[in-house]
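Chains as they are written, first to last, in the working numbering: chain H, 1 to 321; chain C, 1001 to 1101. Glycine is no exception: its CB is placed at the ideal position from the N, C-alpha and C atoms.
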Amino acid sequence: MKNLPADYIAKNSDEDKIDRRGFLKCMAWAGTGIVWSINGGVLTSTVLGESATDGSKIATAELNFVQISDSHIGFNKPANTDVVGTCRETIARINALPKTPEFLLHTGDLTHLSDPAQFDTLAQLLKDCKTTNVFYVPGEHDIYDNGALFKERFGKNTLGAGWYSFDQKGVHFIGLVNVANIQEGGLGTLGQQQLDWLENDVKGLSASTPIVLFAHIPLWAVYPQWGWGTDDAERALSFLKRFGSVTVLNGHIHQVMQKVEGNIMFHTARGTAFPLPTPGSAPKPLPVVVEAAQLKKMLGLTSVTYTETNHSLAVVDSTLS
Amino acid sequence: MLTTTFIAGGIYWQHNGRLSENKPSSDSGKGRSFFVLSCAHCRGRDADGGEDGPSLLKLQISAAHMTLVIQSGIKGEMPSFAKKYTDADVEKSVAYLNTLK
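Shown next as structure tokens:
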């Protein structure tokens, strides 16, 4: 995989109508889950719903998985008084995919208060998913008890605060925890122990191995003023510079954003619970309260397709309602 | 609003617009760290209300009451931190909250 120019988003090399302004506009995308497909080392994302009606890419891909995030089970404020319902709807959409994903990634904030009953509810909801294999990383809302319950139930055999790696069909997946030591200002931190482990974990891999890194808080500086970034992410990413294809998947900010920097594609997922404002559009990152019909629109469908060959980013925006 | 302001190499503590040279105690400083780690995303970075937690500025409850709430939580609203923080840690957190009064 060739390195992409860091500024390629600013150029509209294709007739896809996505220039810098268009990209920024599309930062407000909505989607309840993202289907990732890897075919020949190229990773393609499609937001749930669209792929249910157009599954051609999914059906032929070598590896399909779904990312969901920020379920916040237990949240009951006006921004969404039925987070169980929207999570259930997300699972129904996963089940409706033409090809059952091989696994799910949940990028944290499974629960709102780390309550045992909330963890139970999420586990029960996921029992209705055809895909039974789920990999998790915790969000800051999952570790109010120091992460004990999360690790016991969703992080067995993980290291430290819950980090680990695994391989699927030639792709190396790395789950990191950047919520265990949040810094002044709200930025996430990985910490020296986890960084040392990461450096060692990827040391023996061939540079042609596709890497998928996932963690709760974005590993790029989305909006540090709101703590939407990770303080020592640069060090982690430095270990991955030699790899041809690196994809970083995060949650936390409850909206889809994407950035390509060199060999690394960063992508944040929409949550299944409630929307947060776009960076800087509100004084604080508080849940966005909208009417039910509007919420449905905000949970609408968006597809993102990345194609290595022509360096284009294709975005299709649609809604549930 | 609570912010630390760096002036001529010294740390001054600004609370609700009042700038003073009263450096917070080490206990409240540590308590601030716990707040940042576990509370700020709900209560706001400046403890003036956040994601879904109300402001903690000018709390009119006793230290003992704060301790109870931190350790027990509020059902459906706030988690218990009894398993995360020791009694001494909670004491430091309360010391920090008292600086917000």
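Between the CA atoms of residue j and residue i - distance to the nearest angstrom
{"i": "C/G1029", "j": "C/L1097", "result": "10 Å"}
{"i": "H/F166", "j": "H/I182", "result": "26 Å"}
{"i": "H/L97", "j": "C/A1064", "result": "54 Å"}
{"i": "C/T1099", "j": "H/P275", "result": "33 Å"}
{"i": "C/S1026", "j": "C/P1054", "result": "26 Å"}
{"i": "H/A161", "j": "C/G1050", "result": "26 Å"}
{"i": "C/K1058", "j": "C/R1032", "result": "16 Å"}
{"i": "H/K241", "j": "H/Q192", "result": "19 Å"}
{"i": "H/D128", "j": "H/E152", "result": "21 Å"}
{"i": "H/T209", "j": "H/D232", "result": "23 Å"}
{"i": "C/S1072", "j": "H/L110", "result": "21 Å"}
{"i": "H/S114", "j": "H/K169", "result": "33 Å"}
{"i": "H/G229", "j": "H/G147", "result": "21 Å"}
{"i": "H/E184", "j": "H/K284", "result": "16 Å"}
{"i": "C/L1086", "j": "C/T1067", "result": "According to the sequence displayed, residue 1086 of chain C carries Thr and not Leu. Their backbone Cα atoms lie some 11 Å apart in a straight line."}
{"i": "H/S245", "j": "H/I264", "result": "7 Å"}
{"i": "H/E102", "j": "H/T132", "result": "8 Å"}
{"i": "H/G85", "j": "C/M1078", "result": "22 Å"}
{"i": "H/H72", "j": "C/S1080", "result": "17 Å"}
{"i": "H/V134", "j": "C/A1047", "result": "35 Å"}
{"i": "H/G155", "j": "H/W163", "result": "8 Å"}
{"i": "C/A1088", "j": "C/F1035", "result": "14 Å"}
Identified DSSP bridge partners for residue i
{"i": "H/D231", "result": "Paired residue(s): none; H/D231 is not in a bridge."}
{"i": "H/F266", "result": "H/V248, H/K259"}
{"i": "H/N146", "result": "DSSP lists no partner for H/N146."}
{"i": "H/Q168", "result": "H/V171"}
{"i": "H/F214", "result": "H/G175, H/L249"}
{"i": "H/V134", "result": "H/L104"}
{"i": "H/L276", "result": "BP columns for H/L276 are empty, so no partner."}
{"i": "H/L159", "result": "H/W163"}
{"i": "C/M1078", "result": "C/I1074"}
{"i": "H/G188", "result": "H/T230"}
{"i": "H/Y223", "result": "H/W228"}
{"i": "H/T111", "result": "H/I73"}
Residue i classed as buried or exposed, judged by whether at least 16 other C-beta atoms fall within 10 angstroms
{"i": "C/G1076", "result": "exposed"}
{"i": "H/S238", "result": "exposed"}
{"i": "H/A292", "result": "exposed"}
{"i": "C/V1094", "result": "buried"}
{"i": "H/V289", "result": "exposed"}
{"i": "C/D1052", "result": "buried"}
{"i": "C/I1074", "result": "exposed"}
{"i": "H/P287", "result": "buried"}
{"i": "H/T60", "result": "Caution applies to H/T60, whose pLDDT of 45 falls short of 50 and renders its modelled position unreliable; the model cannot decide the point."}
{"i": "H/D120", "result": "exposed"}
Supposed contact pair residue j and residue i - C-beta distance, whole angstroms, cut 8 Å
{"i": "H/T139", "j": "H/H267", "result": "For clarity, residue 139 of chain H is Gly in the given sequence; the question names Thr instead. The pair is not a contact, with the Cβ atoms about 17 Å apart (cut-off 8 Å)."}
{"i": "H/D70", "j": "H/G271", "result": "3 Å"}
{"i": "H/I211", "j": "H/N250", "result": "Rounded, the Cβ-Cβ distance is 14 Å, inconsistent with contact."}
{"i": "H/L213", "j": "H/V171", "result": "Between H/V171 and H/L213 the Cβ distance is about 11 Å, and since that is not below 8 Å, they are no contact."}
{"i": "H/A273", "j": "H/N80", "result": "6 Å"}
{"i": "C/R1043", "j": "C/L1056", "result": "6 Å"}
- [ ] Indicate whether the contact test is met: 3 or more Cβ pairs, each with one atom in the region 222–240 of chain H and one in the region 263–281 of chain H, closer than 8 Å.
- [x] yes
Open item on the list: When you compare the region 73–80 of chain H with the region 255–265 of chain H, are there three or more beta-carbon pairs, one atom per stretch, that lie closer than 8 Å?
Closed with: no
- [ ] Check whether the region 104–123 of chain H touches the region 133–148 of chain H, taking contact to mean three or more Cβ pairs, one atom from each stretch, closer than 8 Å.
- [x] yes
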